[in-house]
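To start, the structure under review is shown below, and the notes come after it.
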Amino acid sequence: MIQFKNVVKKFRAITVLNQVDLTISAGERLALVGFNGAGKTTLIRCLLGEYSHQGEVWVNGQASRLHRQQILTQVGFVPQLPPPLKMPVGQLLQFAADLCHSPIERMRMIGDRLGLDFKSVWHRPFVKLSGGQKQKTLISIALGRNSRILIMDEPAASLDPPARRIFFQLLAEFPQNTVMLISSHRLDEVAALVNRVVEMDRGQIVLDDKVVDQITQAHLYCRLHLNRAEMAFANALQTWQFITDEQNLTWHGQVASADRLRFLGMLSRYASLLAHVELEEMP
Amino acid sequence: MVHHLWLTAKLDIAESLRARWFLLYSLVFGGIVALLFLFGLTESRVMGFTGLSRLLIVYIQLCMAILPIFVLITTVRSVAGDREAGVFEYLLSLPVSLAGWYWGKLLGRFITVYLPVFLAMLAAALWAKLNGLAIPWLQFIFYSGLLLALTWCFLGLGLLLSTLARSIDIAQGLGFLLWLLLLLFLDLILLGILIQQQTQPEIVVAIALLNPMQVFRTAAMLLFDPQLVLLGPAAYVILDHFGNTGYILWAFLYPIILGSLAALLGYHLFKRGDLP
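Residue numbers (the numbering used here), protein chains in the order written: chain A, 2 to 284; chain B, 784 to 1059.
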């Protein structure tokens, strides 16, 4: 569905993407991770047909730059930084709905679910909204369209926890063949959603981990020792059927192979509590 | 593409109507007409011109001084400003055609820039009619056309500069430099010096014919007093060769063609380069 072939992007003497090869099939939900300056946003912009580049980027057999408009009819995009648009929220939604031939009501409905009261912000300039409101508006536009490809650059960064939960729920409701490309610094945040992790570093792909390939009968045995007990972590581990000692300081249990990414994502949220971690694959 | 062009034009018009520059811009042109009436310009007489004719002549001279720099400075901010602010990354991720987007911006900007200038003239005409003054329709249409050509020309140039520059500061600097250059090559300033320094007459005439501000100035004075002392030497020679009709055609067509070519080059660069 999406193919990057030997893509190179340079800004004067600086090479930001260095011979990137990547193929994404229908239904793949990909987490694009990496440090600042790794090339994630540049890769996304090449896919959106916004950058000229060497090499080829194809979407459904069409070159991303040459057939930019046709490709973008299928793409819902949420940028990392909301644009400083002075137009009122209502006008932005109307503009997007007209261009994408999508009903504006659907966008409003998504906003409602995310907890954004469109009525109260309809006439307000987009730029004057809070960070969370801006993000919710952009998510409403991206998810309210008939998108077959969702590209999201740090989409949940400004969302409050309830909105974040609903956002992930909304993503989970998308058809199975939808391609999702989610760029994030925090793998734990998107771990539950994705089935593939691509890590970039200095313009190159340094890790391409297809979680689905790992689904075997094998389990991961895990033993954790904590430096202090925390109720929230205890509750989280109990949902994984982990067993503890009396002080709630040592926990152990098994994680199904297909869930290891999700589990490690959960674990990373409580990194400061971990004194010792043991992981072992069991046949 | 037409649908996208109109959607973008509407967006740009709405954006301009909200902007402070547009308010100031409309106030300037509306204010000029109001002040000219207030100071009784229609009742004074210069070289046989009185009433609305007199007012229109002064108005068009003021427009020549204000309109190009105003159009350049506000337009160069357009593409460069949106790019710098990160607006392009998002809006151009929507399935809008690049041609629709670019030409829609030009159309929207043209409407917002030309309309206040024209409406101020129209308001003057209506006011004159209410006060029983004769309306010189030929002069009115002629000046409306000249202003349209001038506006289009500087919009095209502004959009080209805006596409070339990667930041607002550079775009504004380039816009100001262009205006200064064209201003310096007006007949009575640098062209006069060039003639005094015995530069080849063909070069002087070519510069005068290629400078859209000079073309506008000469054409605006055709109805006023096409004498050497007012026109300047190069324009006088040109008029002598072209004749009035030939020059009027040049004055309408040349700025429109120049503006269109500049905008077209801007579009080509915009389409070819990195969008955000």
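Backbone N, C-alpha and C fix where the C-beta goes; we use that ideal spot for every residue, glycine too.
For clarity, every value in this text was computed on a predicted model and none was experimentally measured.
Test item: CB-CB of residue i and residue j under 7 Å
i                : j                : result
D154 of chain A  : T43 of chain A   : no
G883 of chain B  : L788 of chain B  : yes
L221 of chain A  : L274 of chain A  : no
V17 of chain A   : G50 of chain A   : no
W59 of chain A   : Q4 of chain A    : yes
C101 of chain A  : R146 of chain A  : yes
A173 of chain A  : I142 of chain A  : no
N178 of chain A  : R30 of chain A   : no
Y1037 of chain B : V988 of chain B  : no
F119 of chain A  : R107 of chain A  : no
A1002 of chain B : A1034 of chain B : yes
Q70 of chain A   : S876 of chain B  : no
L855 of chain B  : G956 of chain B  : no
L838 of chain B  : A907 of chain B  : yes
G266 of chain A  : L160 of chain A  : no
G813 of chain B  : A903 of chain B  : yes
G56 of chain A   : N7 of chain A    : yes
Residue burial classification, residue i (beta-carbon count within 10 angstroms, cutoff 16)
i               : result
T1 of chain A   : Past the edges of chain A, shown from 2 to 284, lies residue 1 of chain A, and the structure says nothing about it.
F12 of chain A  : exposed
W804 of chain B : exposed
P84 of chain A  : buried
F168 of chain A : buried
M201 of chain A : buried
F822 of chain B : exposed
L208 of chain A : exposed
W886 of chain B : buried
P163 of chain A : exposed
K129 of chain A : exposed
D970 of chain B : buried
H54 of chain A  : buried
E872 of chain B : buried
N994 of chain B : buried
I924 of chain B : exposed
P156 of chain A : buried
Below-7 Å beta-carbon distance, residue i vs any chain A residue
i               : result
Y873 of chain B : yes
L790 of chain B : yes
L794 of chain B : yes
Cross-chain neighbours of residue i in chain B, by beta carbon under 7 Å
i               : result
A97 of chain A  : L877
L49 of chain A  : S876
F1 of chain A   : In the structure as shown, chain A starts at 2 and stops at 284, and residue 1 of chain A therefore has no counterpart that could be examined.
L130 of chain A : Result: empty, since nearest Cβ-Cβ is about 14 Å, beyond 7 Å.
F67 of chain A  : One detail in the question is off: residue 67 of chain A reads as Leu in this sequence, not Phe. Ordered by position in chain B, no residue passes the 7 Å Cβ test against L67 of chain A, which lies about 11 Å from the chain.
L82 of chain A  : G869
Interface partners of residue i on chain B, CB under 9 Å
i               : result
P85 of chain A  : A868, G869, V870
R224 of chain A : Here the premise fails: no neighbours, minimum Cβ distance about 46 Å.
R107 of chain A : Here the premise fails: no neighbours, minimum Cβ distance about 16 Å.
Per-residue contacts from residue i into chain A (C-beta, under 7 Å)
i                : result
A797 of chain B  : M88, Q92
S836 of chain B  : The premise fails here: S836 of chain B is roughly 41 Å from chain A at the closest Cβ pair, so nothing lies under 7 Å.
L1058 of chain B : E51
R801 of chain B  : K87
Per-residue contacts from residue i into chain A (C-beta, under 8 Å)
i                : result
S880 of chain B  : Q70
R1055 of chain B : S53
Any C-beta of chain B under 7 Å from that of residue i
i               : result
T16 of chain A  : no
L31 of chain A  : no
L73 of chain A  : yes
L1 of chain A   : Because chain A in this structure spans residues 2 to 284, residue 1 of chain A falls outside the shown range and cannot be described.
L144 of chain A : no
L151 of chain A : no
Beta-carbon neighbours of residue i, restricted to chain A and to distances below 9 Å
i               : result
R860 of chain B : The contacting residues do not exist; R860 of chain B stays about 13 Å from chain A at best.
Listed by chain order, chain B residues near residue i by CB distance under 8 Å
i               : result
R114 of chain A : Residues of chain B passing the Cβ test: none, with the nearest at roughly 22 Å.
L100 of chain A : H787, L790, L877, P878, V879
*asked:* Under 8 Å: do the segment 944-957 of chain B and the segment 857-868 of chain B share three or more Cβ pairs, one atom per stretch?
replied: yes
*Within the chosen definition, does the segment 978-985 of chain B reach the segment 908-918 of chain B through at least 3 CB pairs nearer than 8 Å?*
no
*Between the segment 146-163 of chain A and the segment 74-83 of chain A, do three or more beta carbon pairs fall short of 8 Å?*
These segments touch.
_Any 3 or more C-beta pairs closer than 8 Å across the segment 886-902 of chain B and the segment 102-117 of chain A_ = no
*Quick one: any contact between the segment 176-184 of chain A and the segment 250-257 of chain A, if contact means 3 or more CB pairs under 8 Å?*
no
*If we count Cβ pairs, one from each stretch, closer than 8 Å, do we get three or more for the segment 63-75 of chain A versus the segment 227-234 of chain A?*
no
_Would you call the segment 948-962 of chain B in contact with the segment 1016-1028 of chain B, where contact means no fewer than 3 C-beta pairs closer than 8 Å?_
no
*Could you tell me whether the segment 790-799 of chain B touches the segment 88-97 of chain A, where touching means 3 or more Cβ pairs closer than 8 Å?*
yes
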